[in-house]
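K.L.:
Residue numbers (the working numbering): 4 to 289.
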């Protein structure tokens with residue numbers, strides 16, 4: 004079994020749900036308390052042992068690469084003023100850790116992942132969607148890799164979703180269950196509630212075998228007229244081991260304004276530096 008050393012971050016989206024904030028700034032640079040969404044995702048990957056981060060970007064997304072580069076002018080100014088640079092430690096990655104490729108057209112998540120095929124090569128890889136902020140100890144991806152080391156193959160992160168919201172998720176047709184692991188018998192992209200085979204929805208973390216790239220190469224379209232990653236994964240079922248895993252982590256849907264605000268409140272309350280002040284503020288509002 005090959006070790007998972009690479010992770011793909013599909014970050015080419017325009018973030019139209021957050022306009023005007025995202026007119027000139029990538030949505031993945033929106034901050035939850037004091038860290039951008041992309042940094043939470045990268046830190047989760049680093050904790051899980053990922054060695055190379057592959058950003059699938061679009062135009063006007065250079066800020067994502069800059070976030071993990073050395074900010075020479077900023078650091079020189081901070082040093083001259085006697086300020087500690089420790090706050091920047093988590094943003095300075097070793098040379099070669101970040102690689103970027105372009106998705107020239109918005110053709111769907113499957114297409115975005117396929118754009119990373121040459122950097123992924125013949126290795127298993129993770130996919131992280133920064134919009135899904137996963138908060139847990141150990142991190143979501145670390146828990147998934149532990150499951151991968153048990154059963155191999157393909158792993159998707161799943162959670163129980165409201166039955167009436169199945170049309171917003173890829174949904175599992177479940178097989179045998181073993182603790183937090185569920186055998187995947189089938190995958191359906193965004194089924195209507197009356198057609199959904201279960202309420203186990205796939206959320207924004209995956210561990211996939213490289214064979215999925217050959218399927219995506221066919222560029223078959225699915226729901227919404229897009230190249231769906233779920234459809235390509237479904238074709239691996241029966242050919243390779245395939246499981247869904249539930250993790251001990253709280254998910255915040257930061258692709259949605261309400262979810263984004265809730266994430267800021269939840270993470271702020273969990274911190275010693277700002278939590279007490281936020282708690283007092285909320286109590287006063289009540």
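Backbone N, C-alpha and C define an ideal beta-carbon position, used for all residues, glycine too.
So what does DSSP say about residue 53, is it helix, strand or coil?
P.N.:
Counting from 1 along the chain shown, the entry for residue 53 is found at position 50. The answer is coil: DSSP assigns residue 53 none of H, G, I, E or B.
K.L.:
Rounding to the nearest angstrom, what Cα-Cα distance links residue 164 and residue 203 in this structure?
P.N.:
Translated into the one-based positions of the chain shown, residue 164 becomes position 161. Translated into the one-based positions of the chain shown, residue 203 becomes position 200. The alpha-carbon atoms of residue 164 and residue 203 are separated by roughly 6 Å.
K.L.:
Roughly how many angstroms lie between the CA atoms of residue 184 and residue 136, to the nearest whole one?
P.N.:
Taking the chain shown and counting its residues from 1, one reaches residue 184 at position 181. Taking the chain shown and counting its residues from 1, one reaches residue 136 at position 133. C-alpha separation (whole angstroms): 21 Å.
K.L.:
Which residue's Cα is closest to the Cα of residue 242: 226, 214, 205, 222?
P.N.:
The residue labelled residue 242 in the question sits at position 239 within the chain shown. Comparing Cα positions, the closest option is 214.
K.L.:
From residue 111 to residue 219, what does the alpha carbon distance come to, in whole angstroms?
P.N.:
The residue labelled residue 111 in the question sits at position 108 within the chain shown. The residue labelled residue 219 in the question sits at position 216 within the chain shown. The alpha-carbon atoms of residue 111 and residue 219 are separated by roughly 11 Å.
K.L.:
Can you name the start and end residues of the alpha helix (DSSP H) that residue 83 belongs to?
P.N.:
Position 80 of the chain shown, counted from the first residue, corresponds to residue 83. Start and end: 75-83.
K.L.:
So residue 104 and residue 118 are supposed to be a Cβ contact under 8 Å. How far apart are they, rounded?
P.N.:
Looking up residue 104 in the chain shown gives position 101. Looking up residue 118 in the chain shown gives position 115. Indeed, because the Cβ distance is near 5 Å, the residues count as touching under 8 Å.
K.L.:
Less than 8 Å between the C-beta atoms of residue 176 and residue 188, yes or no?
P.N.:
Position 173 of the chain shown, counted from the start, is the residue given in the question as residue 176. Position 185 of the chain shown, counted from the start, is the residue given in the question as residue 188. Yes, they are a contact pair.
K.L.:
Using CA coordinates, which residue listed in 27, 149, 234 is at the minimum distance from residue 193?
P.N.:
For the purposes of this step, residue 193 is identified with residue 190 of the chain shown, where counting begins at 1. When each option's Cα is compared against that of residue 193, the closest is 234.
K.L.:
Give the DSSP bridge partners of residue 38, in chain order.
P.N.:
Here residue 38 corresponds to residue number 35 of the chain shown, with the count starting at 1. 35.
K.L.:
CA-CA distance, residue 278 and residue 139?
P.N.:
For this step, residue 278 is matched to residue 275 along the chain shown. For this step, residue 139 is matched to residue 136 along the chain shown. If you take the alpha carbons of residue 278 and residue 139, they lie about 18 Å apart.
K.L.:
For residue 127, which option in 283, 143, 55 has the closest C-alpha, if you only look at C-alpha atoms?
P.N.:
Walking along the chain shown from the start, residue 127 turns up at place 124. Residue 127 has its Cα closest to that of 55, out of 283, 143, 55.
K.L.:
Give me whichever residues DSSP pairs with residue 160 in a beta bridge.
P.N.:
Here residue 160 refers to the residue found at position 157 of the chain shown. Paired residue(s): 248.
K.L.:
Out of 285, 152, 133, 206, which one is the CA nearest neighbour of residue 32?
P.N.:
As a first step, residue 32 is located in the chain shown; it is residue number 29 there, counting from the start. Per the Cα distances, 133.
K.L.:
In the DSSP assignment, find the unbroken alpha helix (DSSP H) run with residue 260 in it and report its ends.
P.N.:
Within the chain shown, the letter at position 257 stands for residue 260. Its alpha helix (DSSP H) spans residues 260-272.
K.L.:
Is it buried or exposed, residue 210, if we count other Cβ atoms within 10 angstroms and call 16 or more buried?
P.N.:
Locating residue 210 in the chain shown gives position 207, counting from the first residue. Buried, by the Cβ-count rule.
K.L.:
With residue 152 as the anchor, note down where its alpha helix (DSSP H) starts and where it stops.
P.N.:
In the chain shown, counting from the first residue as 1, residue 152 sits at position 149. Taken as a continuous stretch (DSSP letters only), the alpha helix (DSSP H) holding residue 152 covers 143-154.
K.L.:
Just tell me which of 81, 73, 102, 77 has its CA closest to the CA of residue 95.
P.N.:
Walking along the chain shown from the start, residue 95 turns up at place 92. The shortest Cα separation from residue 95 among 81, 73, 102, 77 belongs to 73.
K.L.:
Distance check for residue 287 and residue 101, CA to CA, integer angstroms please.
P.N.:
Along the chain shown, read from residue 1 onward, the residue named residue 101 stands at position 98. Along the chain shown, read from residue 1 onward, the residue named residue 287 stands at position 284. Taking the straight line from one Cα to the other gives about 44 Å.
K.L.:
Given this structure, state the Cα-to-Cα distance separating residue 207 from residue 12, to the nearest angstrom.
P.N.:
Numbered from its first residue, the chain shown carries residue 207 at position 204. Numbered from its first residue, the chain shown carries residue 12 at position 9. In a straight line, the C-alpha of residue 207 is about 10 Å away from that of residue 12.
K.L.:
Starting from residue 94, follow the alpha helix (DSSP H) in both directions and report where the run begins and ends.
P.N.:
Residue numbering aside, residue 94 sits at position 91 when the chain shown is read from its first letter. Taken as a continuous stretch (DSSP letters only), residue 94 belongs to no alpha helix (DSSP H), as it is neither H nor E.
K.L.:
Going along the chain, which residues of its own chain have a beta-carbon closer than 8 Å to the beta-carbon of residue 248, five neighbours each way excluded?
P.N.:
What you label residue 248 is simply residue 245 of the chain shown in a count that begins at 1. Excluding positions up to five away in sequence, the list reads 146, 147, 150, 158, 159, 160, 161, 183, 184, 185.
K.L.:
By Cβ distance, which residues of its chain are closer than 8 Å to residue 47, with the 5 residues on each side in sequence left out?
P.N.:
Position 44 of the chain shown, counted from the first residue, corresponds to residue 47. Cβ neighbours of residue 47 beyond the five flanking positions: 131, 137, 142, 143, 144, 145.
K.L.:
Could you have a look at residue 165 and say whether DSSP puts it in helix, strand or coil?
P.N.:
Working through the chain shown from its first residue, we reach residue 165 at position 162. Coil.
K.L.:
Have a look at residue 77 and residue 70 and give me their C-alpha separation to the nearest angstrom.
P.N.:
Looking up residue 77 in the chain shown gives position 74. Looking up residue 70 in the chain shown gives position 67. Distance between the alpha carbons of residue 77 and residue 70 is about 12 Å.
K.L.:
Looking only at DSSP bridge pairs, what is residue 115 linked to?
P.N.:
One-based indexing of the chain shown puts residue 115 at position 112. Looking at the DSSP assignment, residue 115 forms no beta bridge with any residue, so it has no partner.
K.L.:
Spell out the partners DSSP gives residue 58 in its beta bridges.
P.N.:
For the purposes of this step, residue 58 is taken as the residue at position 55 of the chain shown. In DSSP, residue 58 forms a bridge with 12, 103.
K.L.:
If I'm right that residue 66 touches residue 23 with Cβ under 8 Å, what's the distance once you round it to whole angstroms?
P.N.:
Along the chain shown, read from residue 1 onward, the residue named residue 66 stands at position 63. Along the chain shown, read from residue 1 onward, the residue named residue 23 stands at position 20. Residue 66 to residue 23, Cβ: 16 Å. No contact.
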